[in-house]
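Chemist: Sequence order for the protein chains is A and B. In terms of the working numbering, the first sequence opens at residue 1264 and continues consecutively. In terms of the working numbering, the second sequence opens at residue 1264 and continues consecutively. Positions of the beta carbon are idealized from the N, C-alpha and C atoms, including for glycine.
Protein chains: 2
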Amino acid sequence: MTQKTFPTWPEAAAQLIAVATGQSPADTVIQGGKWVNVHTREVLDGYDIAIAAGRIACVVPDAASCVGPKTKVIQAHGRYMIPGLCDGHMHIESGMLTPAEFARAVIPHGTTSMFTDPHEIANVLGLDGVRMMHDEALMQPVNIFNQMPSCAPSAPGMETTGFEISPEDVAEAMQWPGIIGLGEMMNFPGVSNADPKMLAEIAATQNAGKTVGGHYASPDLGPAFAGYVAGGPADDHEGTCEADAIARMRQGMRSMIRLGSAWYDVETQITAITEKGLDPRNMILCTDDCHSGTLVGEGHMNRVVRHAIDCGCDPLVALQMATINTATHFGLEREIGSLTPGRRADVILTSDLKSLPIETVIARGEIIAEDGTCLVDCPHFDWPDAARQTVHMGKALGPDDFKIPAPTGANAVRANVIGVVENQAPTKALQFELPVTEGRVQATGEVCQIALVERHRATGAVTNAFVSGFGYDGPMAMASTVAHDSHHMIVVGTDVDHMAQAANRLGEVGGGIVIFKDGVELALVELPIAGLMSDRPATEVAAKADQMMQAMRDCGCTLNNAYMQHSLLALVVIPELRISDLGLVDVRSFEFIPVIEPLS
Amino acid sequence: MTQKTFPTWPEAAAQLIAVATGQSPADTVIQGGKWVNVHTREVLDGYDIAIAAGRIACVVPDAASCVGPKTKVIQAHGRYMIPGLCDGHMHIESGMLTPAEFARAVIPHGTTSMFTDPHEIANVLGLDGVRMMHDEALMQPVNIFNQMPSCAPSAPGMETTGFEISPEDVAEAMQWPGIIGLGEMMNFPGVSNADPKMLAEIAATQNAGKTVGGHYASPDLGPAFAGYVAGGPADDHEGTCEADAIARMRQGMRSMIRLGSAWYDVETQITAITEKGLDPRNMILCTDDCHSGTLVGEGHMNRVVRHAIDCGCDPLVALQMATINTATHFGLEREIGSLTPGRRADVILTSDLKSLPIETVIARGEIIAEDGTCLVDCPHFDWPDAARQTVHMGKALGPDDFKIPAPTGANAVRANVIGVVENQAPTKALQFELPVTEGRVQATGEVCQIALVERHRATGAVTNAFVSGFGYDGPMAMASTVAHDSHHMIVVGTDVDHMAQAANRLGEVGGGIVIFKDGVELALVELPIAGLMSDRPATEVAAKADQMMQAMRDCGCTLNNAYMQHSLLALVVIPELRISDLGLVDVRSFEFIPVIEPLS
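#1: What number of angstroms, rounded off, separates the C-alpha of A:Glu1701 from the C-alpha of A:Cys1711?
#2: Quick one: give me the first and last residue of the beta strand (DSSP E) that A:Leu1787 is part of.
#3: Kindly indicate which residue of B:Gly1737, B:Gly1775, B:Glu1696, B:Val1683 has the alpha-carbon position closest to the one of B:Pro1838.
#4: Is A:Asn1674 buried or exposed, if buried means 16 or more other CB atoms sit within 10 Å of its CB?
#5: Between the C-alpha atoms of B:Thr1468 and B:Ile1547, what's the straight-line distance to the nearest angstrom?
#6: Check the Cβ-Cβ distances between A:Glu1431 and every residue of chain B, and say whether any is below 8 Å.
#7: To be precise: take each residue of the stretch 1465-1480 of chain A, compare its Cβ to all Cβ atoms of chain B, and keep it if any distance is under 7 Å. Which residues remain?
#8: Is A:Arg1720 buried or exposed, if buried means 16 or more other CB atoms sit within 10 Å of its CB?
#9: Report the neighbours of A:Gln1410 on chain B: residues whose CB is nearer than 7 Å to its CB, in chain order.
#10: DSSP on B:Asn1300, reduced to helix/strand/coil?
#11: Within the continuous beta strand (DSSP E) that includes A:Tyr1310, where are the two ends?
#12: Can you give, in chain order, each stretch of the beta strand (DSSP E) that sits fully within the stretch 1418-1466 of chain A and has at least 3 residues?
#13: Counting only Cβ-Cβ distances shorter than 7 Å, please list the residues of the stretch 1559-1592 of chain B near chain A, keeping chain order.
#14: If you drop the 5 nearest sequence neighbours on each side, which residues of the same chain put their C-beta closer than 7 Å to that of B:Arg1511?
#15: Mind checking which residues open and close the alpha helix (DSSP H) that includes A:Arg1511?
#16: B:Thr1268: buried (16+ other C-beta within 10 angstroms of its C-beta) or exposed?
#17: Could you name the residues of chain E that A:Trp1439 contacts, counting a contact when the two beta carbons are closer than 7 Å?
#18: Under 7 Å between beta-carbons, which chain B residues line up against A:Cys1321? List them in chain order, please.
#19: May I have the straight-line CA-CA distance separating B:Gln1764 from B:Asp1809, to the nearest angstrom?
#20: I need the boundaries of the alpha helix (DSSP H) containing B:Lys1807, first residue and last residue.
#21: Inspect the beta-carbon positions of A:Asp1528 and A:Ile1536 and report whether they are closer than 8 Å.
#22: With a threshold of 7 Å, establish whether the CB of A:Pro1791 neighbours any heavy atom of the ligand ZN.
#23: Could you check if B:Asp1483 is buried or exposed, using at least 16 other CB atoms within 10 Å of its CB as the buried criterion?
#24: In chain B, which residues lie less than 8 Å from A:Asn1218 when you measure between Cβ atoms?
#25: Taking the DSSP output, what are the residues bridged to A:Ile1407?
#26: Residues of the stretch 1525-1551 of chain B with a CB closer than 7 Å to any CB of chain A: list them in chain order, please.
#27: Under 6 Å Cβ to Cβ from B:Pro1791, same chain only, skipping five residues before and after it: list those, please.
#28: By how many angstroms is the C-alpha of A:Ala1277 removed from the C-alpha of A:Leu1595?
#29: Based on Cα-Cα distance, which residue from B:Ala1418, B:Thr1361, B:Thr1374 lies nearest to B:Val1393?
#30: Leaving out five residues before and five after B:Ala1833 in sequence, what residues of the same chain have Cβ atoms less than 7 Å from its Cβ?
#31: In whole angstroms, what is the alpha-carbon distance linking B:Met1264 and A:Ser1413?
#32: Identify the contact partners of B:Asn1300 in chain A, using a Cβ-Cβ distance below 8 Å as the criterion.
#33: With 8 Å as the threshold, decide whether the Cβ of B:Met1264 is near any Cβ in chain A.
#34: I'd like to check one pair, A:Ala1466 with B:Pro1273: are the Cβ atoms closer than 8 Å?
#35: What are the boundary residues of the alpha helix (DSSP H) that A:Val1369 is part of?
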């Protein structure tokens, strides 16, 4: 790791003082801007910012005395100077990009600080994988703080992940330089029931003086919620309505409200501020999950802030929710999140606070993007083979691996089928009567096959079941090694030959997403890092993802967010039916159920 | 030290969850109150608070399920439930009381958290003295967080203190359990000039992740202020006008506004919120210095909050400034400062938010005061002899020690005289022509003598000079071992016999304040701990202090706050003239000047 180092405030103090008092020239001076002050919630016209050692030395009406012959002067030309934007909760893996390429994609959008939970890679590569994400994060020209994943596996006993995270892992990670806290504590029933392992992870984080991320994905605001709050999580981003946001803030948590590629939870919750008039200091904006296509086409935290403003939020309050509120939450308010002395010089120049065009982005005192173009190197970690070769198939799969045998003599069976519902993460537990030919159960009509291909331990095991709702017709198969949260391989198809072909293809390229139709590969997104991420630029990955989604449509799928539906089919913590390497899971009861039953 | 221990949040988590989910009974339930929520800035009627292990388990509309046979139930009867009040910056020594007796005095006023800088004792006993204060603080039933003193001596080279504080001392103290940060960085010219010792102390604090207290006692908001801010102090309580408060908050510091016994800086600064409408999150209420008389007769933080409300501040905002704002500033917002799960159960019951009667005070779940009466033990540290015998006179002083010799043959001289100004901390540098008789200069008219008696190293040294403005007449002398900041002994008198008598009397009793007139001891306040504090109850100390102030009036002094004027005459960081063990100091130039000059 070649960590991007720069002086701490105490290391830089003497230099900052010399600049602030006019005794030494600044490295950089931004002249003549409108100072957006997120501490006082004011816009102050006619200010200069003097920068040294990557930090702000002073913000004064006239920093001419800080300008020396070598000082770089940036003319603000009366534009607004706002703090670099902070994403309070997000997963880099959701962009299918490495931290470096994710950073490169969001820098032109003004995101200079990210609080990221690498829990996808934790399932594939364990603590080592988290460390690699952490190390690449520290190499970047912007601030990527890592949260230590808390829940791998997400549902112990219901799936086998590549690795498990223990309280000892958490305690160890808390000593790493780039770890800011514990990643979202998704096992909310565990916390409400005082599960010792979950409480031990929380304790290790609290004892290290760091922030415990929450994830309370339930509308129940009764005793279960009270128990979760008493357990210690300090924030939550799973609220979906105003009552959720208010309950969290009243109980002393920070309410993180998200606008991701497929999350729309800002509009329904920000009314706690805009209509109910609550103190906004405990509300934080975040993205949670953004696809590369969103990053390329729409933006990142700038998109969230704009949206909050469009929802009626005062622009200064919306900016506080993406800067100082976030910094304060993570104990970093004297390090990032405002344009004041000592802080990292992360500054955006914009000519309008409402439409928020991101014209110039400065991080640690250097211009890193201008007019949508990233101008800075985002160094790549030297990902080892262990991270690049994570699709352990055990053997080449054949059509037989995907055939679902029928009970002897049966002509038809009743099948428990995972029912995909458009625009909803939960699935339905459906039952279909399916015919039997040549001794195997046939997927027909709207039902097709789904398989979970074990890929962590090369067991060669394939778990087969049925899924409905994608609308596929004709011989096809789609395979993905992005398969939340265990990230084995999910193969969905209408034809067992195509399913074997798709699975083997991902084994060959080291992971990603592939679609075959009529024997032809329609699309391939290579994700060589842990089978989850690409180290190619976001534009390239987004283009391939677009092809992939077009290929899904070409196979007959008209669902909105169809790829997300595919990749979530193994997420055994969201009801009702899911598939894991251990079988078909009824998440309502956390029990395994048979794929086929005799017709009664 | 018998530290008052109670479980941390992680230690208590399982129990808190069990109570919050109705599976275990609470230790205590407060039923039927109005929940003053300082996170959302709301009052919510009809809430219960369930408490276990000294912490809040849940705050819910109905905690009946948390009441078991052994649960103590407190009826709120519809009263307001507010968080225990926090004093953001204060000195315990100013009350002339030990931490235990200070706590006992303020508990009935609802103060449950104090951020205290024991910098007076640091001058007398060094790091050991700070540790004793720290240890007694940790024994108390309320929260006394200590800040490590930063500036002993306050003016290096201009005085000799009992001990000096080094950056190494600061680094060591940061590891103690009860140290919350660095005490007010009073050497503001040092910071603005990047004094390496001051920056090393700040760095040791920042590197420990703790809060650096500020003290910028200058109206200059130009480059000197910018340099100070760049140096790292995170707050300041020396502002006196609205512009001061605004400048501090804009620059990312917290503005602490104080109402002490003799400080009236709330009314002039709170307009930044009440009139200018700035975000109030960065304003904090504090007392800085309260005499025991104020504690007995008027109150403590309740007095400050009431005053802020009287100044037009919304009561909920004023309460935020004395609770969550303070907690957040010191990184304790998940420990104190609000009535939410996991936090220490520090609760006040009051029937009116504006007049703020402190009816019941609960700390860590126990009722500790009711209707003005403290109901709890405040244990005393076993102060060692080294702390009780700190008046090292070297010898019995006689009248000759106080005689100021005249140049041979002079009949009169010009004397540089410290001019006390009523109601102002700064003095004036005055000159008087004084007569000479029997070879010594005579104090006449409004001029009397002042002496600084060395008491730390038993040198027997006495520094003599002149002071005007007290109005004393007739033979008298007053001596005090409270003598900011070096805390030698200040003796002021009209007669050298009385001066010797007063000084020797304090040597005899181990420190305090004494007044003699016409050969009779009019008043004595014994302060045996470091010559600064009494371990007797506040009522007793306040009564003796009243006698002492009456005795000053009986000697002819009509000044307001006359005792404070006396005790500040050695404070060699406030202009214009002061006395130290090294001579007469012109604080405008930081130079020693002669006491007498020949008549020109």
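Modeler: In brief:
#1: In the first sequence, residue 1701 of chain A corresponds to position 438, counting from 1. In the first sequence, residue 1711 of chain A corresponds to position 448, counting from 1. So the alpha carbons of these two residues sit roughly 17 Å apart.
#2: Along the first sequence, one-based indexing puts residue 1787 of chain A at 524. Run containing A:Leu1787: 1783-1789, per the beta strand (DSSP E) assignment.
#3: Residue mapping note: residue 1838 of chain B aligns to position 575 of the second sequence, counting from 1. The option with the nearest alpha carbon to B:Pro1838 is B:Val1683.
#4: One-based indexing of the first sequence puts residue 1674 of chain A at position 411. So A:Asn1674 counts as exposed.
#5: Translated into positions along the second sequence, residue 1468 of chain B becomes position 205. Translated into positions along the second sequence, residue 1547 of chain B becomes position 284. Roughly 21 Å separates the two Cα atoms.
#6: Within the first sequence, numbered from 1, the residue matching residue 1431 of chain A stands at position 168. No, because no Cβ of chain B sits closer than 8 Å to the Cβ of A:Glu1431.
#7: Ile1465, Ala1466, Gln1469, Asn1470, Gly1472
#8: Here residue 1720 of chain A is taken as the residue at index 457 of the first sequence, counted from 1. Exposed, since its Cβ has fewer than 16 Cβ neighbours within 10 Å.
#9: The residue given as residue 1410 of chain A occupies position 147 in the first sequence. Residues of chain B passing the Cβ test: none, with the nearest at roughly 16 Å.
#10: Along the second sequence, one-based indexing puts residue 1300 of chain B at 37. Note: B:Asn1300 maps to strand in three-state DSSP.
#11: Here residue 1310 of chain A corresponds to residue number 47 of the first sequence, with the count starting at 1. Here the beta strand (DSSP E) through A:Tyr1310 covers 1305-1315.
#12: 1442-1448
#13: Thr1591
#14: Taking the second sequence and counting its residues from 1, the one referred to as residue 1511 of chain B is at position 248. Asp1499, Gly1502, Ser1518, listed in sequence order.
#15: By one-based count along the first sequence, residue 1511 of chain A stands at place 248. Start and end: 1505-1513.
#16: Against the second sequence, residue 1268 of chain B aligns to sequence position 5. Exposed, since its Cβ has fewer than 16 Cβ neighbours within 10 Å.
#17: Annotation note: the requested chain E is absent from the structure, which comprises protein chains A and B.
#18: As a position in the first sequence, residue 1321 of chain A is number 58, starting the count at 1. What A:Cys1321 touches in chain B: Ala1489, Ala1493.
#19: Position 501 of the second sequence, counting from 1, holds the residue named residue 1764 of chain B. Position 546 of the second sequence, counting from 1, holds the residue named residue 1809 of chain B. Near 22 Å, if we compare the C-alpha coordinates of B:Asp1809 and B:Gln1764.
#20: As a working note, residue 1807 of chain B is residue 544 in the second sequence. 1801-1817 is the span of the alpha helix (DSSP H), which, as asked, contains B:Lys1807.
#21: Position 265 of the first sequence, counted from the first residue, corresponds to residue 1528 of chain A. Position 273 of the first sequence, counted from the first residue, corresponds to residue 1536 of chain A. The answer is no: Cβ separation not under 8 Å.
#22: The model depicted lacks the ligand ZN and carries no ligand whatsoever.
#23: Position 220 of the second sequence holds residue 1483 of chain B. The residue in question, B:Asp1483, is exposed, as its Cβ has fewer than 16 Cβ neighbours within 10 Å.
#24: This structure leaves residue 1218 of chain A out entirely; chain A is present only between 1264 and 1863.
#25: Here residue 1407 of chain A refers to the residue found at position 144 when the first sequence is read from its first residue. In DSSP, A:Ile1407 forms a bridge with A:Met1377.
#26: Leu1541, Asp1542, Arg1544, Asn1545
#27: Here residue 1791 of chain B is taken as the residue at index 528 of the second sequence, counted from 1. Same-chain partners within the cutoff: Arg1651, Gly1773.
#28: As a working note, residue 1595 of chain A is residue 332 in the first sequence. As a working note, residue 1277 of chain A is residue 14 in the first sequence. Rounded to the nearest angstrom, the two C-alpha atoms are 21 Å apart.
#29: The residue given as residue 1393 of chain B occupies position 130 in the second sequence. Out of B:Ala1418, B:Thr1361, B:Thr1374, B:Thr1361 has the C-alpha closest to the C-alpha of B:Val1393.
#30: The residue given as residue 1833 of chain B occupies position 570 in the second sequence. Cβ neighbours of B:Ala1833 beyond the five flanking positions: Leu1715, Ala1746, His1747, Ser1749, His1751, Ile1753, Arg1841, Ile1842, Ser1843.
#31: The count along the second sequence starts at 1 and reaches residue 1264 of chain B at position 1. The count along the first sequence starts at 1 and reaches residue 1413 of chain A at position 150. Residue confidence for B:Met1264 is low, a pLDDT of 49 falling below 50, so the modelled location carries little weight; the figure read from the coordinates is stated next. C-alpha separation (whole angstroms): 38 Å.
#32: The sequence position of residue 1300 of chain B within the second sequence is 37, counting from 1. Ordered by position in chain A, the residues that pass the 8 Å Cβ test against B:Asn1300 are Arg1513.
#33: Here residue 1264 of chain B corresponds to residue number 1 of the second sequence, with the count starting at 1. Since pLDDT at B:Met1264 reaches only 49, below the 50 mark, its modelled position is unreliable, and no value is offered.
#34: Taking the first residue of the second sequence as 1, we reach residue 1273 of chain B at position 10. Taking the first residue of the first sequence as 1, we reach residue 1466 of chain A at position 203. In contact: B:Pro1273 and A:Ala1466 (Cβ atoms closer than 8 Å).
#35: For the purposes of this step, residue 1369 of chain A is taken as the residue at position 106 of the first sequence. First-last of the alpha helix (DSSP H) with A:Val1369: 1362-1369.
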